[in-house]
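Mapping the sequence shown onto our numbering, position 80 (from 1) lands on 119, and the numbers just tick up by one. These notes concern the structure reproduced below.
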Amino acid sequence: MRSVFTMMLLLTTLGMLFVSQAQSNTPPRADFRFTPQNPDTNTLVTFDASSSRDPDGSIVKYEWDFNGDGKFDETKPVPTITRLFDRGGEWRINLRVTDNRGATGSISKIVKVTEAPVTVRRSLALPPGGIVTPGQTVRIIILLRINQTINGLGLDEDPPKGWMVKEVQNGGAILKKAELQWLWTQRFSQGQLVAVIYDLIVPTSVSASTFILKGLLTSFSPRLVASVVGESEIRVSR
Ligand SMILES: [Ca+2]
Ligand SMILES: [Ca+2]
Ligand SMILES: [Ca+2]
40 MRSVFTMMLL LTTLGMLFVS QAQSNTPPRA DFRFTPQNPD TNTLVTFDAS SSRDPDGSIV
100 KYEWDFNGDG KFDETKPVPT ITRLFDRGGE WRINLRVTDN RGATGSISKI VKVTEAPVTV
160 RRSLALPPGG IVTPGQTVRI IILLRINQTI NGLGLDEDPP KGWMVKEVQN GGAILKKAEL
220 QWLWTQRFSQ GQLVAVIYDL IVPTSVSAST FILKGLLTSF SPRLVASVVG ESEIRVSR
């Protein structure tokens, strides 16, 4: 009887020890910065939460809500992340950090995004797993959303050298095939959507590597020069 009592006392003491240890965990303090300060819809924004702190442990999880709806859109073990905003306006960004003992800290900030005259996005149709082999075809889709009246629109894509290009849809533009450059002579007005689609054929001679597509969107009026953002990586394996 006595030993049972001693055992219970011991367990209770141990339990209290655990509780007091759990209570002694200081929650982490969330903080982040973002660059650039005044992005538009064609600018990749980098969020950096490395100024978050946990005084008695470490931060193991960063959760981001990029549209202020209270639902986290991305979870990362590392403090940095990039994001594109599809629409102009004031976006509320919520960050929640979790420390190594499960305590959390949160912060929210506003990012003011300007709507670019044209919002441009590239997407790639890749096979499952995202890796292609020599000889395979990758379809590239570039969507332009016209946000205000615009003249003299041009799009220039730079695929890796030596890759064959097949035009699929030119969106009403004249394609200068040698430069892989689309030029529009017509005027566009707000709300119009334009799609440019082309195929790239991975050369059979290419070595396993990651290739990056680059592109530039320009217009005369209003004057605009913007990098084509969105998906750009083609990973080739043999
Ligand atoms: Ca802590
Ligand atoms: Ca969200
Ligand atoms: Ca080009």
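Just so you know, even glycine gets a beta-carbon here, dropped at the ideal spot from N, CA and C.
ask   = Relative to the alpha-carbon of E218, which residue among I146, G230 and M203 has its alpha-carbon at the smallest distance?
value = M203
Open item on the list: Assuming contact is defined by CB atoms lying nearer than 8 Å, are V235 and Q208 in contact in what I supplied?
Closed with: yes
Since G107 and R72 should fall inside the 8 Å C-beta cutoff, what is the C-beta to C-beta distance between them, to a whole number of angstroms? Not confirmed; about 18 Å, so no contact.
Looking at the structure shown, is D112 part of a helix, part of a strand, or coil, going by DSSP? coil
query = So, helix, strand or coil for T188, using DSSP?
reply = coil
Open item on the list: With distance defined between alpha-carbon atoms, name the residue in R92, T176, P75 and D93 nearest to T243.
Closed with: T176
Practice item. Count the other C-beta atoms from every protein chain shown that fall within 10 angstroms of the C-beta of V136, then say buried if there are 16 or more, exposed otherwise. Key: buried
- Between the C-alpha atoms of S258 and G193, what's the straight-line distance to the nearest angstrom? 6 Å
_Whole angstroms are fine: how far does the CA of S63 sit from the CA of G269?_
45 Å
_Within 10 Å of its beta-carbon, does D93 have 16 or more other beta-carbons around it, so buried, or fewer, so exposed?_
buried
So what's T153 in DSSP terms, helix, strand or just coil?
strand
Examine ligand 3 and report whether any of its heavy atoms sits within less than 7 Å of the Cβ of E218. yes
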